[in-house]
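When the sequence shown is numbered by this note's numbering, its final residue is 417 and no position is left out of the sequence of numbers.
By construction, the Cβ of each residue, glycine as well, lies at the ideal position given by its N, Cα and C atoms.
The structure presented is a predicted model; accordingly, all values stated were derived computationally and were not measured.
Note sheet for the following structure.
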Amino acid sequence: MSIIDVKPKESCRYDCISLGEVMLRFDPGNGRIKNAREFKVWEGGGEYNVSRGLRKCFGMNVGVVTALADNEIGRLVEDFILQGGVDSSLIQWIPYDGIGRVVRNGMNFTERGFGVRGALGVSDRGNTAASQLKKGDIDWDYIFGKLGSRWFHTGGIFAALSDTTPDVVLEAVQTAKKYGTIVSYDLNYRPSLWKSIGGQPRAQEVNKELAKYVDVMVGNEEDFTASLGFEVEGNDANLKELNLDGYKKMIDQVVRAYPNFKVVATTLRTVKTATVNDWSAMCWAGGKIYKANAYGGLEIFDRVGGGDSFASGLIYGLITTGDPDKAVNYGAAHGALAMTTPGDTSMASLKEVESLMKGGSARVQR
Numbered sequence: 052m053s054i055i056d057v058k059p060k061e062s063c064r065y066d067c068i069s070l071g072e073v074m075l076r077f078d079p080g081n082g083r084i085k086n087a088r089e090f091k092v093w094e095g096g097g098e099y100n101v102s103r104g105l106r107k108c109f110g111m112n113v114g115v116v117t118a119l120a121d122n123e124i125g126r127l128v129e130d131f132i133l134q135g136g137v138d139s140s141l142i143q144w145i146p147y148d149g150i151g152r153v154v155r156n157g158m159n160f161t162e163r164g165f166g167v168r169g170a171l172g173v174s175d176r177g178n179t180a181a182s183q184l185k186k187g188d189i190d191w192d193y194i195f196g197k198l199g200s201r202w203f204h205t206g207g208i209f210a211a212l213s214d215t216t217p218d219v220v221l222e223a224v225q226t227a228k229k230y231g232t233i234v235s236y237d238l239n240y241r242p243s244l245w246k247s248i249g250g251q252p253r254a255q256e257v258n259k260e261l262a263k264y265v266d267v268m269v270g271n272e273e274d275f276t277a278s279l280g281f282e283v284e285g286n287d288a289n290l291k292e293l294n295l296d297g298y299k300k301m302i303d304q305v306v307r308a309y310p311n312f313k314v315v316a317t318t319l320r321t322v323k324t325a326t327v328n329d330w331s332a333m334c335w336a337g338g339k340i341y342k343a344n345a346y347g348g349l350e351i352f353d354r355v356g357g358g359d360s361f362a363s364g365l366i367y368g369l370i371t372t373g374d375p376d377k378a379v380n381y382g383a384a385h386g387a388l389a390m391t392t393p394g395d396t397s398m399a400s401l402k403e404v405e406s407l408m409k410g411g412s413a414r415v416q417r
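In structure tokens form, the structure reads like this:
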């Protein structure tokens, strides 16, 4: 029996829709932002990456709800979205004022890190089109009622973009629930985003309200503390080993506070160096804890987007199998593979994910 009741595929245009900002990522390759003379450009965004992974790796029908300034930069972002197989018809195009004083597109400069030097991200996203979305701008009844989506994914990054975006998320999740769409949410706490709009108290106020409408909650242990106020007992600062008893106690508190949660999932990461991590994941569902295969000493090429790829694998597993044990393993394997390639988004295939789940090796394929 499935842990989640997902609408049948034939009843909906989309398997999943994401709500979030999509930015251009500028990658200096092996160098550093402050010394770079050229950058490789990718697209990325915490919520969008999940839908893109569901399409490119897992072959599902997906779309993204976002807003872009209508200029050549916005059209470049759209081109990346189209290359990722994500439906762009739900994008809100905002007239460009010629200088970006009123509206612009977001950029994210990210260096990968190496060894003792951690990854570094510098966002440039003030006054972006997505951050200016407000309640009433998007016809959610049309999206969930007429077009239909089996799943809806959003998260704490989009909710933190401005004073108006939490209302957009609230309107979206309430409408999704009205039409029987499963809602997942990645807490993704970013102190820099909340800093100027009320800090952690405001983050908790927003996320505690949104959590009432969520079926599948995703976040690491720090996210649950910062965004919802729950503590994991018995963990040291390095989190070399997640204290399972402490985690279970936290989950007990979480699901008592939010009985609407059907699945609670978290990635487990021990950072040995920027390029070597221990990696795994676990989830709670139906009163049980399920732990994924562990990938010890995982060599990291680019860690950005690993958590988003975990979420997309988890969602795929829940939609297609309804089995939380299989789902958390899809997520962990997909996240591990995504971190072996550059860019925010996954380059893995379903065949590779399932091979890794079964213990496949890194021997050359000929």
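Between P375 and Y341, the CB-CB gap stays under 8 Å. Per DSSP, the beta bridge partners of P146 are D121. In the assembly as shown, V154 is a buried residue. Its beta-carbon has 16 or more other beta-carbons within 10 Å. Proximity to P393 across K300, A170, G151 and I142 peaks at A170, based on C-alpha coordinates.
Scanning A277, Y230, W245 and K107 for the CA closest to the CA of T216 turns up W245.
For D66, the number of other beta carbons within 10 angstroms of its own is at least 16, and it is reported as buried. Taking C-beta atoms as the reference points, G104 and R76 fail to come closer than 8 Å.
With contacts defined as CB atoms closer than 8 Å, L141 and V267 fail to qualify as a contacting pair.
Note that the C-beta distance between Q143 and I189 is below 8 Å.
Under the 10 Å beta carbon count, Y193 is surrounded by fewer than 16 other beta carbons and is classified as exposed. V314 and S406 have their alpha carbons spaced roughly 25 Å apart.
Around the beta carbon of Q134, fewer than 16 other beta carbons sit within 10 angstroms, so the residue counts as exposed.
Taking the Cα positions, S174 is about 17 Å away from R152.
Here R354 is buried: its Cβ has 16 or more other Cβ atoms, across all protein chains shown, within 10 Å. In the three-state scheme derived from DSSP, where H, G and I count as helix and E and B as strand, G386 is classed as helix.
Residue ranges of uninterrupted beta strand (DSSP E) with 3 or more members, entirely inside the segment 187-260 and ordered along the chain, are 200-206 and 233-237. Between C108 and S200, the C-beta gap is not smaller than 8 Å, which leaves the two residues out of contact.
E282 is classed as exposed because its beta carbon has fewer than 16 other beta carbons within 10 Å across all chains shown. Assignment of alpha helix (DSSP H) within the segment 303-389, counting only whole runs of 4 or more residues, yields 357-371 and 375-389 in chain order.
For the options D78, S213, A389 and K85, the alpha carbon positioned closest to that of V101 is the one of A389. Here K185 is exposed, its C-beta having fewer than 16 other C-beta atoms within 10 Å.
Ranked by Cα distance from D237, the options R320, L221, G358 and E72 are led by G358.
Nearest to D296 by alpha-carbon distance, out of T326, P310, K339 and A325, is K339. Per DSSP, T392 is not a residue of any alpha helix (DSSP H), being assigned neither H nor E. Excluding sequence positions up to five before and after E273, its CB lies less than 6 Å from no other CB in the same chain.
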